Every structure is written in C-alpha cells, then in structure tokens.
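**Q** Going by our numbering, the sequence shown opens with residue 35, and the numbers climb by one from there.
Virtual Cβ for every residue (Gly too), placed ideally from N, Cα, C.
Remember, predicted model here, so these are calculated numbers, not experimental data.
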Amino acid sequence: MSVVTISNVTKAFGDVVVLEHFNDEFKDGEFITLLGPSGCGKTTMLRMIAGFEKPTSGEIKIDGTVVSSNKTFLPPEKREIGMVFQSYAVWPHMNVFDNIAYPLKIKKIPKDIIHKKVMDILEVVHLSQYAKRIPAQLSGGQQQRVALGRALVAEPKLLLLDEPLSNLDAKLRESMRYEIKEIQKKLGITVVFVTHDQVEAMTMSDRVFVINRGVVQQVGTPYEIYSKPSNQFVADFVGKVNFMKGTASGGKVSLTGIGKDIPYHGGLKGNVIVTIRPENIQLVEKDTDTLEGTLEKIYFLGNENDCFININGVALRTNAPSHFHDTLKVGQKVYLKLKDYLVHEDDGNNEEITR
Ligand code: ATP
35 MSVVTISNVT KAFGDVVVLE HFNDEFKDGE FITLLGPSGC GKTTMLRMIA GFEKPTSGEI
95 KIDGTVVSSN KTFLPPEKRE IGMVFQSYAV WPHMNVFDNI AYPLKIKKIP KDIIHKKVMD
155 ILEVVHLSQY AKRIPAQLSG GQQQRVALGR ALVAEPKLLL LDEPLSNLDA KLRESMRYEI
215 KEIQKKLGIT VVFVTHDQVE AMTMSDRVFV INRGVVQQVG TPYEIYSKPS NQFVADFVGK
275 VNFMKGTASG GKVSLTGIGK DIPYHGGLKG NVIVTIRPEN IQLVEKDTDT LEGTLEKIYF
335 LGNENDCFIN INGVALRTNA PSHFHDTLKV GQKVYLKLKD YLVHEDDGNN EEITR
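(1) For the beta strand (DSSP E) holding GLY92, just list the boundary residues, first then last.
(2) Quick one: give me the first and last residue of the alpha helix (DSSP H) that PRO256 is part of.
(3) Identify, in the order they occur along the chain, each residue of the same chain with its Cβ nearer than 7 angstroms to the Cβ of VAL152, setting aside the five sequence neighbours on each side.
(4) Tell me, to the nearest whole angstrom, how far the beta carbon of MET238 is from that of ARG211; I am working on the premise that it is less than 8 angstroms.
(5) Please give the ranges of any beta strand (DSSP E) in the stretch 158 to 228, keeping only runs that are unbroken, at least 3 residues long and fully inside the region.
(6) What span of residues does the beta strand (DSSP E) with THR281 cover, start to end?
(7) Bridge partners of PRO297, per DSSP?
(8) Report yes if the C-beta distance between TYR298 and LYS286 is below 8 angstroms; otherwise report no.
(9) Could you name each continuous alpha helix (DSSP H) segment of 4 residues or more that falls completely within the stretch 63 to 125, going from the start of the chain to the end?
(10) Which residue from GLY116, ASN201, ALA204 and ILE147 puts its Cα closest to that of GLY183?
(11) Can you say whether VAL101 is buried or exposed, counting buried as having 16 or more other CB atoms within 10 angstroms of its CB?
(12) Which class does PRO355 belong to by DSSP, given the choice of helix, strand or coil?
(13) Only counting the same chain, and skipping five residues up and downstream in sequence, which positions put a Cβ closer than 8 angstroms to that of PHE56?
(14) Using a Cβ-Cβ cutoff of less than 8 angstroms, which residues in the same chain neighbour LEU376 once the five nearest sequence positions on both sides are dropped?
(15) Quick check: the stretch 105 to 114 against the stretch 59 to 70, are at least 3 beta-carbon pairs closer than 8 angstroms?
(16) Let me make sure I understand the geometry here. Which of ILE292, GLU197, GLU330 and LEU372 has the alpha-carbon closest to that of VAL275?
(17) Cβ of GLY222 versus every heavy atom of the ligand ATP: is any distance shorter than 7 angstroms?
(18) Once DSSP output is grouped into helix, strand and coil, what is the label at ILE345?
(19) Going straight from the alpha carbon of GLY301 to that of ASP380, what length do you get?
(20) Looking only at DSSP bridge pairs, what is THR44 linked to?
(21) For LEU329, which three-state DSSP category applies?
(22) Just list the residues that DSSP pairs HIS378 with in beta bridges.
(23) Starting from VAL242 and walking both ways along the beta strand (DSSP E), at which residues does that stretch end?
Quick look at the structure:
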C-alpha cells in the first residue's frame, strides 16, 4: 500500500518554479531519499508533504486521504506525521523522558500508557539509561536521538527527516545513519529523508530521487543510480566519475584525444559521452588493448589511492589499492583497462553539471 501519493505536484514562489511535475508513490515501509544540491527543491517537497507549504498545482495523498489539492488543505497537526529537522529542537528544560512523552501528553493519553510507550521508544533509540538527563547533558547524537524518539512515540505512519545528521561530526554521522536505518526497519515505518549527502542516500535508502533545479533526474535504488546513472548530472552527483568524449559507430566508440577505440554495442551514433567510475579503470600491465597514460598526481586515502592520470591531455581519475602507494611514482607511465562504462548521448550540456 502507498503511504504517500504525489500526483503532478508543482511549486512556484511567485514566478520562480522550484519544483516541477513531481509524481510518485512511496510504499508502506519504504525509505525514500530526496537527494540533490542546495536549492534543488528537496526541502520544499518535504514541506509540502508535511503541510508547511501548499503545492501550486497537483495533489498529495497520505494514507489514501487527500491532504493537499486545489480544493483541500490539511494543516500539519492533522497529518499525523513525525518530523525531525537539522536542529535538534528538543526542549532544553525537559529531561529526555519528558521530551519524548510530550506529544502524548498533549494528546491527553493516560499516564500509564505514556510511561510504557516512552520506555519502549527509549529502548529503540538506545537512551534508556539517559531518561532523567536534560539535553545539555547529552552529546549531539544523543540529542538527535531524543528528537527521533519524540517523532516516533506517537507511532506515525510517516516520518520526515530533513538533513537530521548534518550538525553531527563525521564519526557520529556515520553511526547514526546505520542506527536510523535499523530503527526504520525494526518499526517498519515509511521515511522520507532529505539530504545533499550522497553517502547518506546510498547507505540508508530503498529508493533515491535525484533532483536538480526542481526536476527529478532519476529514481532508483542506490545501486541503480550509482551503476546506471541516467545522465551526467546523476553520474557526477552520486560518487566520483570520469567523462570522456567520443564518437560512436559500428560496434565501437573512438575516444576523442585518446586515439583509442573501446567496444560499444548500443544504439547511439555520433557524439557521445563515455561515463566511467574510477574503480572501473584498472591499472594493469601493458597489453595490446590498454590505454597508456602518465600518473600526474596520487593521494593516499588510507584504504586506497586516488590517482590522476593524463592520456594525451585527457584527465582520468582512478583508484589504486592502498599498497600501490609505495610503488607508484608521479610522472611514471601507467596502463589502463576500462570496464563497465556507460555511453550517453552528448547533449552538449557538459558545463551544466553543478554541485
Ligand atoms: P537546501 O539543501 O539548501 O536546503 P533545498 O534543495 O532543500 O536546498 P529548497 O529549500 O527546497 O531547496 O529551495 C528550493 C528553491 O526555492 C530555492 O531556490 C529557494 O531559494 C526557493 N525558496 C524556498 N522557500 C522559499 C520561499 N518561502 N519563498 C521564496 N523562495 C523560496
């Protein structure tokens, strides 16, 4: 069953259209991420689902009920949605227990039921032993878990998360990603998560909507958007990538500037862009079908090396295993093999990729 149905939703502020023709259904228990650069319209979509903004046109349903259309508008408090935002927004004067209990207290739920529900949620968000502390006595991650607990305690069908991890330090952010994902799976709740961080999107989502300038560019599982990006924007926004110009004809692409052909059996002809992830460019021994380049820069990242290679003026980036660091030297010749590349039509729009 669909928890959220979005039909042809467009939003404009004055003359400026910030979101165009958004259409989809978020299924029960799905973890949906809206991913895109600053200003792409992802928060606006979330705010329309929450009821803080009205769509300019189109319709939104939650759990089968129309909540926004040109005839209907249900305010946020009637939508029964849990929400957590970037700022923790926990009550500083209330202890953890009371913070989480708050949404139930204002609903006038009997005390013993509140006690049971809060104790259960404290366990879910791993804060049972902190029930009596006030937020100032907690770390950022713990405060964010209080906010999460407060959003979950009323058992909403839908949880909206707007960059909830961006105020946390890198280590905490990583562990919270997994925690939120585990909580979501355990409770079977539908989540709509907004982020500009592709790693967050990849690690947590069932489906990712990649948005640029108000337009959904691709919808897919993290693996699909990473391995089969539908255009250059998606390829570039989701991970590291190389683009090479080429000309497609008769079973091959001739790589412009590089002076080599690579096999291609798709239907495109003429000017194309070859898209390849760094990990699909392998450093190998010299062979008849290898590309020859010069290692221009190498950066040690710990688990691997980030290598920048120049082939006749064409720059390519690849990864080399950690232990190559001692043997690879800047300026040396290297030999490359390309695998799992994609070929897209060259729409001449190569400068359009924005971050
Ligand atoms: P960020 O990651 O920076 O929050 P975002 O992708 O969430 O970005 P939105 O906040 O949805 O982007 O904003 C989309 C566009 O709409 C932006 O250009 C923004 O300036 C504009 N916008 C948002 N709210 C309003 C408003 N109330 N009035 C006018 N323009 C707005």
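**A** In brief:
(1) On the sequence shown, position 58 is the one that residue 92 refers to. For GLY92, the enclosing beta strand (DSSP E) starts and ends at 91 to 96.
(2) Start at 1 with the first residue of the sequence shown, and residue 256 comes out as number 222. For PRO256, the uninterrupted alpha helix (DSSP H) segment begins and ends at 256 to 261.
(3) On the sequence shown, position 118 is the one that residue 152 refers to. Closer than 7 angstroms at the Cβ level, and outside the excluded window around VAL152, lie PHE131, ILE134, ALA135 and VAL187.
(4) The residue you call residue 238 lines up with position 204 of the sequence shown. The residue you call residue 211 lines up with position 177 of the sequence shown. ARG211 and MET238 do touch by the CB rule: their CB atoms are close to 6 angstroms apart, below 8 angstroms.
(5) Taken in chain order, the complete beta strand (DSSP E) segments of 3 or more residues contained in the stretch 158 to 228 are 192 to 196.
(6) For the purposes of this step, residue 281 is taken as residue 247 along the sequence shown, with counting starting at 1. It spans 276 to 283 - the beta strand (DSSP E) in which THR281 sits, taken as one unbroken run.
(7) As a working note, residue 297 is residue 263 in the sequence shown. Per DSSP, LYS286.
(8) Residue 298 sits at position 264 when you count from the first residue of the sequence shown. Residue 286 sits at position 252 when you count from the first residue of the sequence shown. With respect to the 8 angstroms criterion, TYR298 and LYS286 are classified as neighbours on the basis of their beta carbons.
(9) DSSP runs (the alpha helix (DSSP H)) wholly in the stretch 63 to 125: 76 to 84.
(10) One-based indexing of the sequence shown puts residue 183 at position 149. GLY183 has its Cα closest to that of GLY116, out of GLY116, ASN201, ALA204 and ILE147.
(11) The residue given as residue 101 occupies position 67 in the sequence shown. So VAL101 counts as buried.
(12) What you label residue 355 is simply residue 321 of the sequence shown in a count that begins at 1. Under the three-state reduction of DSSP output, PRO355 falls in the strand class.
(13) For the purposes of this step, residue 56 is taken as the residue at position 22 of the sequence shown. ILE40, ASN42, VAL43, THR44, MET79, GLY92 and VAL250, listed in sequence order.
(14) One-based indexing of the sequence shown puts residue 376 at position 342. The beta carbon of LEU376 sits closer than 8 angstroms to the beta carbons of LYS262, PRO263, ALA269, VAL308, THR309 and ILE310 from its chain, once the five residues preceding and following it are set aside; these are given in chain order.
(15) No: fewer than three Cβ pairs fall under 8 angstroms.
(16) By one-based count along the sequence shown, residue 275 stands at place 241. The residue with the shortest Cα to Cα distance from VAL275 is LEU372.
(17) As a working mapping, residue 222 is identified with position 188 in the sequence shown. Checking the Cβ of GLY222 against the ligand ATP gives no.
(18) Walking along the sequence shown from the start, residue 345 turns up at place 311. Note: ILE345 maps to strand in three-state DSSP.
(19) Translated into positions along the sequence shown, residue 301 becomes position 267. Translated into positions along the sequence shown, residue 380 becomes position 346. About 14 angstroms.
(20) Reading the sequence shown from its first residue, position 10 is the one you call residue 44. The bridge partners DSSP lists for THR44 are SER91.
(21) Residue 329 sits at position 295 when you count from the first residue of the sequence shown. Correct three-state label for LEU329: strand.
(22) Walking along the sequence shown from the start, residue 378 turns up at place 344. According to the DSSP secondary-structure assignment, HIS378 is paired through a beta bridge with ILE307.
(23) In the sequence shown, residue 242 corresponds to position 208, counting from 1. Unbroken beta strand (DSSP E) run through VAL242: 241 to 246.
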